[in-house]
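*Asks:* My questions all concern the structure below.
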Amino acid sequence: MRFSRRRFLMCAAGAAAATVVAACAPGSAEPQPPEINYGFDVCDQCGMLISEPRFACALVLEDGRALKFDDLGDMVMHHLDRPNLKVAAWFVHDHFTEAWIRGETAFYVSSASIASPMGHGLAAFATRESADMFAKSYCAETDCPVLGFDELRAHVHAELH
């Protein structure tokens, strides 16, 4: 069967449109961290300005909305207070590099001597090694547990909530 140029172009346009629709379909793309305008955006838990990237974090909900927070403790407390929120992804910043990382796979250090914006004393790290190194060097005199994601949530519930 021979295609005319017009028929070929119509098929190509249809295929391109189908690709665009599939790419934009809900659930087809990995959630991305939101853009935070430091010094302008406010924390969805406490209403304070978000000003420090290393402590800034976010929840991306299944409906695509992003909730932004100035402190890890605020983000976890917000979710604990609203257990029906449908979270697609948790995002935190690595304390050393300030790069966005997934909160579910990050490691956390808890210490009263970490001066986080709301005083929750939590810092996130991309690797266990980074968290261990920080805990050993920063918290030599005090207990600084390194926590996984589920341990962080339990810690915030027990200590801060």
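One point on numbering: in my numbering, the residue at position 154 of the sequence shown is 141, and numbering is uninterrupted. Positions of the beta carbon are idealized from the N, C-alpha and C atoms, including for glycine.
1) Taking Cβ positions, are residue 73 and residue 54 nearer each other than 8 Å?
2) If you draw a straight line from the alpha carbon of residue 138 to that of residue 77, how long is it in whole angstroms?
3) Could you pull out every residue in the same chain whose Cβ sits closer than 7 Å to the Cβ of residue 25, ignoring the five residues on either side in sequence?
4) My output table needs one value for residue 123: the three-state DSSP class, helix, strand or coil.
5) Are the beta-carbon atoms belonging to residue 94 and residue 133 less than 8 Å from one another?
6) List the residues that DSSP assigns as beta-bridge partners of residue 89.
7) What first and last residue would you give for the beta strand (DSSP E) that runs through residue 54?
8) Just verifying my parser: in three-state terms, what is the DSSP assignment at residue 19?
9) From residue 30 to residue 59, what distance separates their C-alpha atoms?
10) Give the straight-line distance between the Cα atoms of residue 75 and residue 66, rounded to the nearest whole angstrom.
11) How close, in whole Å, do the beta carbons of residue 46 and residue 62 come, if the pair is a contact with beta carbons under 8 Å?
12) Can the beta-carbon of residue 103 be found closer than 8 Å to that of residue 131?
13) Please state the DSSP three-state secondary structure of residue 72.
14) To the nearest angstrom, how far is the alpha carbon of residue 136 from that of residue 91?
*Replies:* According to the structure shown:
1) no
2) 15 Å
3) Same-chain partners within the cutoff: 37, 38 and 40.
4) helix
5) yes
6) 78
7) 53 to 56
8) In the structure shown, residue 19 sits in coil (DSSP, three-state: anything other than H, G, I, E or B).
9) 11 Å
10) Approximately 12 Å between the Cα atoms of the pair.
11) 6 Å
12) no
13) coil
14) Approximately 5 Å, taken between the alpha carbons.
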